[in-house]
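A.B. asks: Take this structure first; my questions come after.
There are 2 protein chains.
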Amino acid sequence: MTALTTREQIVTTADRLFYENGYEHTSFADIAAAVNISRGNFYYHFKAKDEILTAVIAARLAHTKTMIEGWEREAPNPEARIRRFMHMMIANRAAIKRYGCPVGTLVTEMAKLDHVAREDANKLFGLFRAWLGTQFRALGCGADADRLAMHLLARSQGVATLANAFGDDRFIRREVALMEEWLTAAVAHATPRPDNRRRQH
Amino acid sequence: MTALTTREQIVTTADRLFYENGYEHTSFADIAAAVNISRGNFYYHFKAKDEILTAVIAARLAHTKTMIEGWEREAPNPEARIRRFMHMMIANRAAIKRYGCPVGTLVTEMAKLDHVAREDANKLFGLFRAWLGTQFRALGCGADADRLAMHLLARSQGVATLANAFGDDRFIRREVALMEEWLTAAVAHATPRPDNRRRQH
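Protein sequence lines, in the order shown, are assigned to chains A and B.
Number 18 in UniProt numbering belongs to position 18 of the first sequence; there are no gaps in the numbering.
Number 86 in UniProt numbering belongs to position 86 of the second sequence; there are no gaps in the numbering.
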């Protein structure tokens, strides 16, 4: 079990360093130093930074799935689940103000680097997009579900970018309140349509 | 004038490389190679990549001011000026899909690098924020002007991030149309208020 623990430790540390300092800025040596293991032990687990990135993205995808499953278990209905997504911004506001959104900033960096892991990183957005779409469909938004999911994802990304630039807590809370108003209106518009009943698939 | 032209050439090339590939990923040598000048000539103008970044940000600020002045001259009223801001996303959609927003992605990278130029880069956002706030005040949005400016900036940033991730033209156009609807509603709400008359300051 020691080997697995060391590997997990490397992935967790690399995840944090990639998020806080950027992927390009973080060197293989930085990660080894932060984990505080020998070069030999490190190479036993990973031969290159790209390999660590692949493991970091896989770990983030797994973590995101677990988080979403928690929202599905805990929130009583699709509207409440979507509000859980929105409130993630308030819960993570300290990190967002310092480093932006972990998903958005990684995806942006992969695009600029034209990195082979770009498609993999995009799956993090894809996961939220698909899940939000499912919630909106369950709310009776039918054909608009994916548009609403993309709109909400975009709103949250923009808030993260500006909260990072201006370091403003009240801005995050205000924007989340606006998203909640928007959701209430979207749901009110969706349900009366005869062809868009609740929980339609 | 040759010295000035070479300097401008370096700054323009560095600006493009920082935008397309990221600041951290672009080396001093990459810029020299792209400009195709000798190391001696290059060092005559810039001693370090940080110095080039300072010049790139100054050039972007100057360019942004010129663009905004153009909107003020050409658009007949504050509402039309704000629509010019929104339509910038459609005009620049090809670059945005490939590399994201030039302002947002630079500001995000500077934050992660905890770079001394971070405050300078933030001035690019500050410029749009202040200018949009002025337009909203002129539209009679009074005390809400800065909130509306920040909301619109956030919306545009989010659209850029997701357009970059998913490479979707229709998404950009659809979101710009939603921003236009939002603006129409914001202006309709603002003008009837007795304490928020048009062009109030």
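Beta carbons are placed, not taken as given, at the ideal position from N, Cα and C, and that holds for glycine.
This structure is a prediction, so every number in the text was calculated from the model and none was measured.
Nearest CA to the CA of ALA62/B: which residue from THR105/B, ASP120/B, ASN21/B, ALA188/B?
C.D. replies: Nearest C-alpha to ALA62/B: ASP120/B.
A.B. asks: How about HIS151/A: is its C-beta nearer than 8 Å to some C-beta of chain B?
C.D. replies: True, the Cβ-Cβ gap to chain B drops below 8 Å.
A.B. asks: Where does HIS25/B land, buried or exposed, given buried means 16+ other C-beta within 10 angstroms?
C.D. replies: By the neighbour-count rule (16 or more Cβ atoms within 10 Å), HIS25/B is buried.
A.B. asks: At a CB distance below 9 Å, what residues from the stretch 159 to 177 of chain A approach chain B? Give them in sequence order.
C.D. replies: The residues in question are VAL159, ALA160, THR161, LEU162, ALA163, ASN164, ALA165, PHE166, ASP168, PHE171, ARG174, GLU175.
A.B. asks: Closer than 7 Å, Cβ to any Cβ of chain A: which residues of the stretch 106 to 134 of chain B, in chain order?
C.D. replies: Those would be VAL107, THR108, GLU109, ALA111, LYS112, LEU113, ASN122, PHE125, in chain order.
A.B. asks: With distances taken from CA atoms, which of ALA186/A, MET110/A, THR105/A is nearest ARG147/A?
C.D. replies: When each option's Cα is compared against that of ARG147/A, the closest is ALA186/A.
A.B. asks: Taking its Cβ as the centre, do 16 or more other Cβ atoms sit within 10 Å of HIS189/A, making it buried, or is it exposed?
C.D. replies: HIS189/A is exposed by the Cβ-count criterion.
A.B. asks: Determine, using beta carbons only, whether ASN21/A comes closer than 8 Å to chain B.
C.D. replies: For ASN21/A, the answer is yes, since a Cβ of chain B falls inside 8 Å of its Cβ.
A.B. asks: Using DSSP with H/G/I as helix, E/B as strand and the rest coil, what is PHE46/A?
C.D. replies: PHE46/A: coil per DSSP, three-state reduction.
A.B. asks: Taking all protein chains shown into account, do 16 or more other C-beta atoms lie within 10 angstroms of the C-beta of TYR23/B, making it buried, or fewer, making it exposed?
C.D. replies: Classification of TYR23/B: buried, given that the 10 Å Cβ count is 16 or more.
A.B. asks: At 4 residues or longer, what runs of the alpha helix (DSSP H) sit wholly inside the stretch 72 to 151 of chain A?
C.D. replies: Entirely contained in the stretch 72 to 151 of chain A, the alpha helix (DSSP H) runs reaching 4 residues are, in chain order, 78 to 91, 93 to 99, 102 to 113, 118 to 138.
A.B. asks: Could you check what DSSP says for ILE52/A in three-state terms: helix, strand or coil?
C.D. replies: DSSP places ILE52/A in helix when its eight states are reduced to three.
A.B. asks: Specify the secondary structure class of MET67/B as computed by DSSP and reduced to three states.
C.D. replies: In this structure, MET67/B counts as helix in the three-state DSSP scheme.
A.B. asks: Within 8 Å of any Cβ in chain A, is that where the Cβ of SER156/B sits?
C.D. replies: For SER156/B, the answer is yes, since a Cβ of chain A falls inside 8 Å of its Cβ.
A.B. asks: In angstroms, rounded to a whole number, what distance separates the CA positions of GLY65/A and ILE57/A?
C.D. replies: At residue 65/A the sequence reads Lys, which differs from the Gly that was named. Between LYS65/A and ILE57/A, the C-alpha separation is close to 12 Å.
A.B. asks: Anything in chain B within Cβ reach of GLY100/A, meaning under 7 Å, just list it in chain order.
C.D. replies: Within chain B, the residues near GLY100/A are THR108, ALA111.
A.B. asks: On the three-state DSSP scale, how would you describe GLY167/A?
C.D. replies: In this structure, GLY167/A counts as coil in the three-state DSSP scheme.
A.B. asks: Have a look at LEU106/A and SER156/B and give me their C-alpha separation to the nearest angstrom.
C.D. replies: Computed Cα separation, rounded: 19 Å.
A.B. asks: Give me the chain B residues within the contact set of GLU24/A, using Cβ-Cβ distance strictly less than 7 Å, ordered along the chain.
C.D. replies: Those within 7 Å of GLU24/A in chain B are GLY22, GLU24, HIS25.
A.B. asks: Give the secondary structure of ILE57/B by DSSP, where H, G and I count as helix, E and B as strand, and everything else as coil.
C.D. replies: Residue state, collapsed to three classes: helix.
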